[in-house]
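The block underneath contains the structure these notes are about, expressed in structure tokens.
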Amino acid sequence: MSTQKNMRMFNSERGSNSSEGAVSNPRTADLPMSTLPEISRSLAVEVLESCAVGDHTFLSLPWLRAARGFQQLVMSVFQGSRPTGHHAMPASEILLVAANPVAHGAKLVATLRKCVLSSTFSVVADARLGAEGLSIDHSFPGVSASSLASSVTATRLIFAIKLRSKLPRGSVLVGSRSRLYREYLFIAQSMRYAACKDAVAALLPTTVLVTDYDRATYCRPWVWAANAAGISTVTLIHGSPNEANYIPVLAQYALVWGAVQKKWIEERSTGTQVFVVGRPDLENDRVVLPSRASRVVMCHSREELSLDESKSLLAQLVKFRNQGYLITLRLHPSATRNDLDARWRAVADLADDIVISRDSFVSSLGRSDIVVCVLSSSAVEAIAVGVPAIVVADASRNLPSDLSAIRDASPDLLREIEAGPSSFSGLDYLASQILEATGDSAGVLLDQALSTIRSLENAP
6 MSTQKNMRMF
16 NSERGSNSSE
26 GAVSNPRTAD
36 LPMSTLPEIS
46 RSLAVEVLES
56 CAVGDHTFLS
66 LPWLRAARGF
76 QQLVMSVFQG
86 SRPTGHHAMP
96 ASEILLVAAN
106 PVAHGAKLVA
116 TLRKCVLSST
126 FSVVADARLG
136 AEGLSIDHSF
146 PGVSASSLAS
156 SVTATRLIFA
166 IKLRSKLPRG
176 SVLVGSRSRL
186 YREYLFIAQS
196 MRYAACKDAV
206 AALLPTTVLV
216 TDYDRATYCR
226 PWVWAANAAG
236 ISTVTLIHGS
246 PNEANYIPVL
256 AQYALVWGAV
266 QKKWIEERST
276 GTQVFVVGRP
286 DLENDRVVLP
296 SRASRVVMCH
306 SREELSLDES
316 KSLLAQLVKF
326 RNQGYLITLR
336 LHPSATRNDL
346 DARWRAVADL
356 ADDIVISRDS
366 FVSSLGRSDI
376 VVCVLSSSAV
386 EAIAVGVPAI
396 VVADASRNLP
406 SDLSAIRDAS
416 PDLLREIEAG
426 PSSFSGLDYL
436 ASQILEATGD
446 SAGVLLDQAL
456 STIRSLENAP
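For the record, in the sequence shown the residue sitting at position 24 is 29 according to the working numbering, with numbers rising by one throughout.
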């Protein structure tokens, strides 16, 4: 094992205390269950910060979910549920922890399973939420009380309550507009940190742990525990990265799509080693399916529009309509029309149809389509398959790296669209900067990168 890795086992700046990272024989059958992390202010802050990113921030009726959640946690303690044992962890060389096992996330997981050939590979995800047919090797709970019930013990619940008392005075809980749900979220996440410490202690020390979002509430405890234990950690960029979701990168390595992301990560997360691998989950071929009519696909991503963005977006859509385009509003997979605020409802009122679908976005596109968005990574997927994409966002909006590049290119692309050419000269160059490769070619690059990381981390 490398000297660098040995040092991380005893001194992890990203995890917690060094005493938590020492693992002598992590697959010994007699290891004690629920070896709790040390209760400290730094760990309390770590748990607090881990609650900021995730789908739970969009939940409806959060106060009711919190009340039911606390009730289920207490009932689980009295029912005497036993947490999943460390012996149940897969003994694989590559362990993918997937926060998103549905829709596009499920496709990404399945693609990685197919393209990682040089190493044994297993998937950890919350099986309760996984897409039908998705192969999950080890189910690990999210913050939902229904998922967490199998990991609840009185010891872990008491640990979580004590950790809550260690938050610095004046700390503001995050993750929901409901105070009660924020309290529930902290307690539930604290128990997940304890469970992750046990799970990581059961891994082989040569394991490479990969996450699809290292700052997501689901994945972050895994990265924390693995860093503390000296396990190699890798973040595979899932969506176009922004500072809230990825900066600084918590893992030691990052696998990115192309030159734009590589430069962005290296400038903002010094010390992270970056490998460019492309997008193996995107098909190699460009869109050839013709649309029945010229169509603008407006992609909603649950973002709140500023007043200026709302005006610019509506004006641009009206201009497209006057040019003969039909308007389709494609909602985020987790949203419904009832979730739209007044500014998005104005867009919906302008649309010819509204699509709510978990099916592949790319497969729905035709060669005469134009994609418009403010904060959706769908623009990247469109450009990858040769469909022009426009980002309509205020100059002051801090966009993810790839969307920022597309926003910069949008004025020139709009002029070309209005001129009516059959191809767009700037599109190929922009695509090459955002995506190094797609499909099978990207799968090879990803497998090579993981093999290189394994070699670096396990060198004598």
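Even for Gly, the Cβ is constructed at its ideal location relative to N, Cα and C.
Inset, instruction - Can you have a look at K119 and say buried or exposed, based on whether 16 or more other CB atoms are within 10 angstroms of its CB? - result: To locate residue 119, count along the sequence shown from 1; it is residue 114. Using a 10 angstroms sphere on the CB of K119, the tally of other CB atoms stays under 16, which defines it as exposed.
Inset, instruction - Name the residue from S140, G180, G244 whose alpha carbon lies nearest to the alpha carbon of V52. - result: Residue mapping note: residue 52 aligns to position 47 of the sequence shown, counting from 1. For the residues S140, G180, G244, the minimum Cα distance to V52 belongs to G180.
Inset, instruction - Please list, in chain order, all residues of the same chain as T277 whose beta carbon is under 8 Å from its beta carbon, the five residues on each side excluded. - result: The residue given as residue 277 occupies position 272 in the sequence shown. So the qualifying residues of the chain are P253, V254, A256, Q257, Y258, A259, I270, E271.
Legend entry - CA nearest to the CA of P338, picked from A387, R307, G283, F164: Here residue 338 corresponds to residue number 333 of the sequence shown, with the count starting at 1. P338 has its Cα closest to that of R307, out of A387, R307, G283, F164.
Legend entry - Where the alpha helix (DSSP H) containing I332 begins and where it ends: Here residue 332 refers to the residue found at position 327 when the sequence shown is read from its first residue. Where I332 is concerned, there is no enclosing alpha helix (DSSP H), although the beta strand (DSSP E) it sits in stretches over 331-335.
Inset, instruction - Could you say if the segment 167-186 and the segment 208-217 meet the contact criterion of at least three C-beta pairs nearer than 8 Å? - result: Verdict: no, contact absent.
Legend entry - Inter-residue spacing [alpha-carbon to alpha-carbon] between H61 and A199: Position 56 of the sequence shown holds residue 61. Position 194 of the sequence shown holds residue 199. Answer to the nearest angstrom: the Cα atoms are 20 Å apart.
Inset, instruction - Tell whether a beta-carbon distance below 9 Å holds between C56 and Q266. - result: Mapped onto the sequence shown, residue 56 falls at position 51. Mapped onto the sequence shown, residue 266 falls at position 261. Not in contact: C56 and Q266 (Cβ atoms no closer than 9 Å).
Inset, instruction - Name the two residues that bound the continuous alpha helix (DSSP H) containing Y186. - result: In the sequence shown, counting from the first residue as 1, residue 186 sits at position 181. Segment 184-206, the alpha helix (DSSP H) holding Y186.
Inset, instruction - Check the C-beta distance from S415 over to V396 and give it rounded, since I have them as a contact under 8 Å. - result: By 1-based counting over the sequence shown, the position of residue 415 is 410. By 1-based counting over the sequence shown, the position of residue 396 is 391. Taking a contact as a CB-CB distance under 8 Å, the pair S415 and V396 counts as one, their CB atoms being some 5 Å apart.
Legend entry - Proximity winner among G135, S170, Q438, relative to L48 (alpha-carbon distances): Here the question's residue 48 lines up with position 43 in the sequence shown. Check the Cα spacing between L48 and each of G135, S170, Q438: the tightest is with S170.
Inset, instruction - List the residues that DSSP assigns as beta-bridge partners of Y251. - result: As a working mapping, residue 251 is identified with position 246 in the sequence shown. According to DSSP, which records beta bridges pairwise, Y251 is partnered with nothing at all.
Legend entry - 6 Å Cβ shell around R32 - same chain, five flanking residues per side excluded: Along the sequence shown, one-based indexing puts residue 32 at 27. Low confidence applies to R32: its pLDDT is 32, below 50, so where it sits in the model is not reliable, and the reading given next is rough at best. Taken in chain order, the list of residues that qualify is empty.
Inset, instruction - State the Cα-Cα distance for the pair D445 and W262, rounded to the nearest angstrom. - result: On the sequence shown, position 440 is the one that residue 445 refers to. On the sequence shown, position 257 is the one that residue 262 refers to. Distance between the alpha carbons of D445 and W262 is about 14 Å.
Legend entry - Where Q278 falls: helix, strand or coil (DSSP): Here residue 278 refers to the residue found at position 273 of the sequence shown. Of the three classes helix, strand and coil, the one that applies to Q278 here is strand, per DSSP.
Legend entry - Reduced DSSP category for M303 - H, G, I as helix; E, B as strand; rest coil: As a working note, residue 303 is residue 298 in the sequence shown. Looking at M303 - three-state DSSP - the assignment turns out to be strand.
Inset, instruction - Look at the alpha carbon of T116 and the alpha carbon of S127, and state the distance between them as a whole number of angstroms. - result: Walking along the sequence shown from the start, residue 116 turns up at place 111. Walking along the sequence shown from the start, residue 127 turns up at place 122. Roughly 12 Å between the two C-alpha positions.
Inset, instruction - Please classify D374: does DSSP put it in a helix, a strand, or coil? - result: Taking the first residue of the sequence shown as position 1, residue 374 is located at position 369. In the three-state DSSP reduction, D374 falls in the strand class (E or B).
Inset, instruction - Mind listing, in chain order, the continuous alpha helix (DSSP H) runs of no fewer than 4 residues lying wholly within the segment 52-138? - result: 67-84, 108-120
Inset, instruction - Determine, using beta-carbon pairs with one atom in the segment 142-151 and one in the segment 74-84, whether at least three such pairs fall under 8 Å. - result: Because the criterion of three Cβ pairs below 8 Å is met, the segment 142-151 and the segment 74-84 touch.
Legend entry - Per-residue DSSP class, three states only, for R19: On the sequence shown, residue 19 is found 14 positions in, with the first residue counted as 1. Confidence in R19 is poor, its pLDDT being 35 and thus under 50, which makes the residue's placement too unreliable to answer from.
Legend entry - Other residues of its chain near T89: CB distance less than 7 Å, five sequence neighbours each side excluded: As a position in the sequence shown, residue 89 is number 84, starting the count at 1. Unreliable placement is indicated for T89, whose pLDDT of 48 sits below 50; the coordinate value is still reported in the next sentence. Spatial neighbours of T89 in its own chain (CB-CB distance under 7 Å, excluding positions within 5 residues in sequence) are listed in chain order as S155, S156.
Inset, instruction - Compute the Euclidean distance between the alpha carbons of T238 and E288, then round it to the nearest angstrom. - result: Here residue 238 corresponds to residue number 233 of the sequence shown, with the count starting at 1. Here residue 288 corresponds to residue number 283 of the sequence shown, with the count starting at 1. Their Cα atoms are separated by approximately 27 Å.
Legend entry - Nearest candidate by alpha-carbon position, reference D203, set V281, H305, M94: In the sequence shown, residue 203 corresponds to position 198, counting from 1. Out of V281, H305, M94, M94 has the C-alpha closest to the C-alpha of D203.
Inset, instruction - Determine the burial state of D413: buried for a count of at least 16 other Cβ atoms within 10 Å of its Cβ, exposed for fewer. - result: Working through the sequence shown from its first residue, we reach residue 413 at position 408. Flag for D413 reads exposed.
Inset, instruction - Taking A351 as the reference, give the member of S315, Y251, N105, L408 with the closest Cα. - result: To locate residue 351, count along the sequence shown from 1; it is residue 346. Answer by Cα proximity: S315.
Inset, instruction - Leaving aside the five residues before and after A389 along the sequence, list all residues of the same chain whose C-beta is less than 8 Å from its C-beta, in chain order. - result: As a first step, residue 389 must be located in the sequence shown, where it is residue number 384. So the list reads R284, L287, V367, A436, I439, L440, T443, once near-sequence residues are dropped.
Legend entry - Best match in F164, V385, S123, S362 for proximity to S406 [C-alpha to C-alpha]: Start at 1 with the first residue of the sequence shown, and residue 406 comes out as number 401. Of the candidates F164, V385, S123, S362, the one whose C-alpha sits nearest the C-alpha of S406 is V385.
Legend entry - Close-in-space but distant-in-sequence residues of the same chain around A230 (CB under 6 Å, 5 per side omitted): The residue labelled residue 230 in the question sits at position 225 within the sequence shown. Same-chain partners within the cutoff: C201, K202, V205.
Legend entry - Rounded straight-line distance, which links the Cα of V282 to that of M6: For the purposes of this step, residue 6 is taken as the residue at position 1 of the sequence shown. For the purposes of this step, residue 282 is taken as the residue at position 277 of the sequence shown. In this prediction, M6 has a pLDDT of 44, which is less than 50 and means its spatial position is unreliable; nothing more can be read from the coordinates.
Inset, instruction - For N1, count neighbouring Cβ atoms within 10 angstroms of its own Cβ and tell me buried if that reaches 16, exposed if not. - result: Residue 1 lies beyond the range of the chain shown here (6 to 465); nothing can be said about it.
Inset, instruction - Compute the distance between the beta-carbons of L455 and S97, then report whether it is under 9 Å. - result: Numbered from 1 along the sequence shown, position 450 holds the residue referred to as residue 455. Numbered from 1 along the sequence shown, position 92 holds the residue referred to as residue 97. No, they are not a contact pair.
Inset, instruction - Please list, in chain order, all residues of the same chain as H305 whose beta carbon is under 6 Å from its beta carbon, the five residues on each side excluded. - result: Here residue 305 corresponds to residue number 300 of the sequence shown, with the count starting at 1. For H305, where only same-chain residues beyond five positions count, the Cβ hits under 6 Å are L336, H337.
Legend entry - Opposing strand residues paired with T160 [DSSP bridges]: As a first step, residue 160 is located in the sequence shown; it is residue number 155 there, counting from the start. Looking at the DSSP output, T160 bridges to nothing.
Legend entry - Beta-carbon gap between L432 and G371 smaller than 9 Å: Residue 432 sits at position 427 when you count from the first residue of the sequence shown. Residue 371 sits at position 366 when you count from the first residue of the sequence shown. It is not a contact, given that the beta carbons lie outside the stated cut-off.
Inset, instruction - Within its chain, find whatever has a CB closer than 7 Å to the CB of L113; leave out the 5 residues flanking it on each side and keep chain order. - result: In the sequence shown, residue 113 corresponds to position 108, counting from 1. Around L113: D217, H243, D286.
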